[in-house]
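Participant: Numbering (the numbering used here), first residue to last: 18 to 523.
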Ligand SMILES: Cc1cc2nc3c(=O)[nH]c(=O)nc-3n(C[C@H](O)[C@H](O)[C@H](O)COP(=O)(O)OP(=O)(O)OC[C@H]3O[C@@H](n4cnc5c(N)ncnc54)[C@H](O)[C@@H]3O)c2cc1C
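What follows is the structure in structure tokens.
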């Protein structure tokens, strides 16, 4: 079905989504063979034209500006349809959605919203977010990009790298700290909308990177020295750091949209391959270990579905998510781990044929890998989940993990199934590696709650049962690790007396 109606908000969503699916499928499978194009960098212009012609990004734009109103379930369904065809396409749309249009809708001035939304709806413009700097990634709050104001505009200067859509986006949300008269930078962070098509707002790309995967998305290093008008600064409701947390947590809660379509594609490819391929006179799908892998893929599909359903009710811009760290970090870190394992499992099942850039499984490994790094490295997020839970337990004066989790909205029902694993007093002074393991377990417990909720809503019960069994097994393994005392330490000068062949003849 094709839609020529220019007013996207009037089209029923199921028709809108089907149209987007058709266009993406046609662009990636008929007009271009994505597998054959896989060694090229960049997105072929006709692919982007075809995909964008249905105005998919209108799902993020408020109705009063001609969009579909920013309904989270529509945004997630659109991201998921995109990632079934191409994870890079989905990330492109995800960047525009969560890192540009949603913050603009929530914090932009009326003038900026009017002008920018119109450019997205009428000219298919794109926007991204620049936070990361060469010297400051995970510790983004120490960024050195600075701004000063002359009364009419803001002068923003600095170097940013790794921003998705480098050299391609028309708009950038730039982050910077105010430079005081002393030359020092204030602690808070501000956000500015830079329109690279305007005089004085051009961003110079000093280098394009040879990113390992996601070939369709350009990355690089940017030199910023731009003048942005006063009305193009975002208006935080309190501090800029709270705005940043609200933005990042909302984005993390929407990762399951990108994850779901990708995982489903890995699952469908695995099913189709293992049904067709015979090894030693037996179809692959008949082997027990193959079935085990596919059931894990199905569990991941169910978990990502449960997370989408959960985020639909919570991640709208009307909610303040700045305090939602435990839930948002659990969702982002766990679902991105599931994406990576899904791609690894497909490659294992397909064998050598998948170890090629032209195979969706091989590409899936490198395409999904950075999801575990960007918007909060997973190691860090897992330990932050535990930090927050330990802090809440101390405040509640509760040291028994089971008793704490059974009284927590995020984990109440799931904890009931896990009493034997969680009924112990938690040591509140754990080393970071243990905090990471605990965070991994907590993220799975919180996700199990979402799966139980999805089951109650009427999702297919055999998928729910399988997923609960898989989750319980994983949580049990993680708690086993957690309770094992890990004695291995880093040995800095490990080269001394550690050459095996000098000992071989002794
Ligand atoms: C494909 C891709 C897309 C990206 N898109 C964007 C974008 O659109 N916009 C943008 O601004 N940035 C983007 N980034 C940058 C990304 O957000 C950063 O790479 C990320 O924040 C990590 O920063 P870093 O690479 O400087 O690593 P570092 O901060 O040096 O961290 C490296 C590693 O050190 C470890 N580590 C760091 N801190 C801790 C800690 N406290 N405890 C334990 N371990 C720790 C972690 O394992 C971490 O992965 C993107 C990156 C990639 C690869």
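Just so it is clear, CB atoms sit at the ideal spot from N, CA and C, and this is done for glycine as well.
Fair warning: this is a prediction, and the values are worked out from it, not measured in the lab.
Is the CB-CB distance between residue 338 and residue 349 below 9 Å?
Facilitator: In the chain shown, residue 338 corresponds to position 321, counting from 1. In the chain shown, residue 349 corresponds to position 332, counting from 1. No; because the gap between Cβ atoms is not below 9 Å, this pair is not in contact.
Participant: Is any heavy atom of ligand 1 found at a distance shorter than 8 Å from the C-beta of residue 353?
Facilitator: Counted from its first residue, the chain shown places residue 353 at position 336. Outside the cutoff, so no.
Participant: Quick one: Cα of residue 312 to Cα of residue 366, how far?
Facilitator: Taking the chain shown and counting its residues from 1, one reaches residue 312 at position 295. Taking the chain shown and counting its residues from 1, one reaches residue 366 at position 349. Cα to Cα, residue 312 sits roughly 13 Å from residue 366.
Participant: Taking 8 Å as the line, does the beta carbon of residue 232 fall inside it for any heavy atom of ligand 1?
Facilitator: The residue labelled residue 232 in the question sits at position 215 within the chain shown. Outside the cutoff, so no.
Participant: Relative to the alpha-carbon of residue 164, which residue among 130, 156 and 206 has its alpha-carbon at the smallest distance?
Facilitator: Residue numbering aside, residue 164 sits at position 147 when the chain shown is read from its first letter. Measuring from the Cα of residue 164, the nearest candidate turns out to be 206.
Participant: Considering only the alpha carbon of each residue, which of 199, 302, 301 and 172 lies closest to residue 210?
Facilitator: For this step, residue 210 is matched to residue 193 along the chain shown. When each option's Cα is compared against that of residue 210, the closest is 172.
Participant: Note down the Cα distance separating residue 422 from residue 429, rounded to an integer number of angstroms.
Facilitator: Here residue 422 is taken as the residue at index 405 of the chain shown, counted from 1. Here residue 429 is taken as the residue at index 412 of the chain shown, counted from 1. Residue 422 and residue 429: Cα-Cα distance of roughly 6 Å.
Participant: Hey, would you say the C-beta of residue 517 is under 8 Å away from at least one heavy atom of ligand 1?
Facilitator: Position 500 of the chain shown holds residue 517. Placement of the Cβ of residue 517 at a distance of 8 Å or more from every heavy atom of ligand 1 is found.
Participant: Which two residues bound the contiguous alpha helix (DSSP H) that contains residue 280?
Facilitator: Taking the chain shown and counting its residues from 1, one reaches residue 280 at position 263. Annotation for residue 280: the continuous alpha helix (DSSP H) segment containing it runs 257 to 293.
Participant: Hey, quick one: how far does the beta strand (DSSP E) through residue 208 stretch, first residue to last?
Facilitator: Residue 208 sits at position 191 when you count from the first residue of the chain shown. Per DSSP, the continuous beta strand (DSSP E) segment holding residue 208 begins and ends at 207 to 212.
Participant: At the level of alpha carbons, what is the spacing between residue 463 and residue 395?
Facilitator: As a first step, residue 463 is located in the chain shown; it is residue number 446 there, counting from the start. As a first step, residue 395 is located in the chain shown; it is residue number 378 there, counting from the start. Taking the straight line from one Cα to the other gives about 16 Å.
Participant: Which term fits residue 110, buried or exposed, when burial requires 16 or more other beta carbons within 10 angstroms of its beta carbon?
Facilitator: Here residue 110 refers to the residue found at position 93 of the chain shown. Answer is buried; the Cβ neighbour count reaches 16.
Participant: Under 8 Å by Cβ, that's how I've got residue 361 and residue 389 pegged, so tell me the actual separation to the nearest angstrom.
Facilitator: The residue you call residue 361 lines up with position 344 of the chain shown. The residue you call residue 389 lines up with position 372 of the chain shown. Going by Cβ atoms, the distance from residue 361 to residue 389 rounds to 12 Å, so no, they are not a contact pair.
Participant: Look at residue 226 and residue 185 and say whether their C-beta atoms are less than 9 Å apart.
Facilitator: Position 209 of the chain shown, counted from the first residue, corresponds to residue 226. Position 168 of the chain shown, counted from the first residue, corresponds to residue 185. No; because the gap between Cβ atoms is not below 9 Å, this pair is not in contact.
Participant: Which term fits residue 105, buried or exposed, when burial requires 16 or more other beta carbons within 10 angstroms of its beta carbon?
Facilitator: As a first step, residue 105 must be located in the chain shown, where it is residue number 88. Buried, since its Cβ has 16 or more Cβ neighbours within 10 Å.
Participant: Measure from the alpha carbon of residue 478 to the alpha carbon of each residue in 147, 125, 319 and 137, then state which is nearest.
Facilitator: As a first step, residue 478 must be located in the chain shown, where it is residue number 461. Of 147, 125, 319 and 137, the residue nearest in Cα terms is 319.
Participant: Starting from residue 43, trace the alpha helix (DSSP H) in both directions and tell me its first and last residue.
Facilitator: Against the chain shown, residue 43 aligns to sequence position 26. For residue 43, no alpha helix (DSSP H) run applies, since DSSP gives it neither H nor E.
Participant: Starting from the Cα of residue 137, find the closest Cα among 151, 451, 126 and 121 and give me that residue.
Facilitator: Position 120 of the chain shown, counting from 1, holds the residue named residue 137. Nearest C-alpha to residue 137: 121.
Participant: Measuring from the CB of residue 156, is there a heavy atom of ligand 1 at a distance below 8 Å?
Facilitator: Taking the chain shown and counting its residues from 1, the one referred to as residue 156 is at position 139. Residue 156 Cβ: within cutoff of ligand 1.
Participant: Smallest Cα separation from residue 168: which of 244, 63 and 188?
Facilitator: Translated into positions along the chain shown, residue 168 becomes position 151. Looking at the Cα atoms, 244 is the closest of the given residues.
Participant: Less than 8 Å between the CB of residue 208 and some heavy atom of ligand 1, yes or no?
Facilitator: On the chain shown, residue 208 is found 191 positions in, with the first residue counted as 1. No.
Participant: Three or more beta-carbon pairs under 8 Å between the segment 452 to 468 and the segment 504 to 512, yes or no?
Facilitator: no
Participant: So does the segment 84 to 102 actually touch the segment 279 to 288, counting three or more Cβ pairs closer than 8 Å?
Facilitator: yes
Participant: Run through the segment 108 to 132 for me and flag every whole alpha helix (DSSP H) of 4 or more residues, listed as ranges in chain order.
Facilitator: Here the runs fully enclosed are 119 to 124.
Participant: Hey, quick one: how far does the beta strand (DSSP E) through residue 246 stretch, first residue to last?
Facilitator: Residue numbering aside, residue 246 sits at position 229 when the chain shown is read from its first letter. Segment 237 to 246, the beta strand (DSSP E) holding residue 246.
Participant: By DSSP, does residue 393 sit in helix, in strand, or in coil?
Facilitator: For the purposes of this step, residue 393 is identified with residue 376 of the chain shown, where counting begins at 1. Residue state, collapsed to three classes: coil.
Participant: Is the beta carbon of residue 266 less than 9 Å from the beta carbon of residue 260?
Facilitator: In the chain shown, the residue the question calls residue 266 occupies position 249. In the chain shown, the residue the question calls residue 260 occupies position 243. For residue 266 and residue 260, no; Cβs fall outside 9 Å.
Participant: If we call anything under 9 Å between Cβ atoms a contact, is residue 53 one with residue 375?
Facilitator: For the purposes of this step, residue 53 is taken as the residue at position 36 of the chain shown. For the purposes of this step, residue 375 is taken as the residue at position 358 of the chain shown. Yes, they are a contact pair.
Participant: Taking the alpha-carbon positions, what's the residue 142 to residue 438 distance?
Facilitator: By one-based count along the chain shown, residue 142 stands at place 125. By one-based count along the chain shown, residue 438 stands at place 421. Cα to Cα, residue 142 sits roughly 51 Å from residue 438.
Participant: Can you tell me the Cβ-Cβ gap for residue 458 and residue 495, rounded? I've got them flagged as a contact below 8 Å.
Facilitator: By 1-based counting over the chain shown, the position of residue 458 is 441. By 1-based counting over the chain shown, the position of residue 495 is 478. Right, their Cβ atoms sit about 4 Å apart.
Participant: Would you check whether ligand 1 has a heavy atom nearer than 8 Å to the C-beta of residue 181?
Facilitator: Counted from its first residue, the chain shown places residue 181 at position 164. At least one heavy atom of ligand 1 is nearer than 8 Å to the Cβ of residue 181, so yes.
Participant: DSSP three-state call for residue 194: helix, strand or coil?
Facilitator: Within the chain shown, numbered from 1, the residue matching residue 194 stands at position 177. DSSP places residue 194 in strand when its eight states are reduced to three.
Participant: Should residue 131 and residue 192 be called a contact, given that it needs their Cβ atoms to be closer than 9 Å?
Facilitator: Position 114 of the chain shown, counted from the start, is the residue given in the question as residue 131. Position 175 of the chain shown, counted from the start, is the residue given in the question as residue 192. Contact: no.
Participant: Mapping DSSP to helix, strand and coil, what is residue 204?
Facilitator: Within the chain shown, numbered from 1, the residue matching residue 204 stands at position 187. Coil.
Participant: Please state if the CB of residue 402 and the CB of residue 317 are separated by a distance shorter than 9 Å.
Facilitator: Counted from its first residue, the chain shown places residue 317 at position 300. Counted from its first residue, the chain shown places residue 402 at position 385. No, Cβ-Cβ distance for residue 317 and residue 402 is not below 9 Å.
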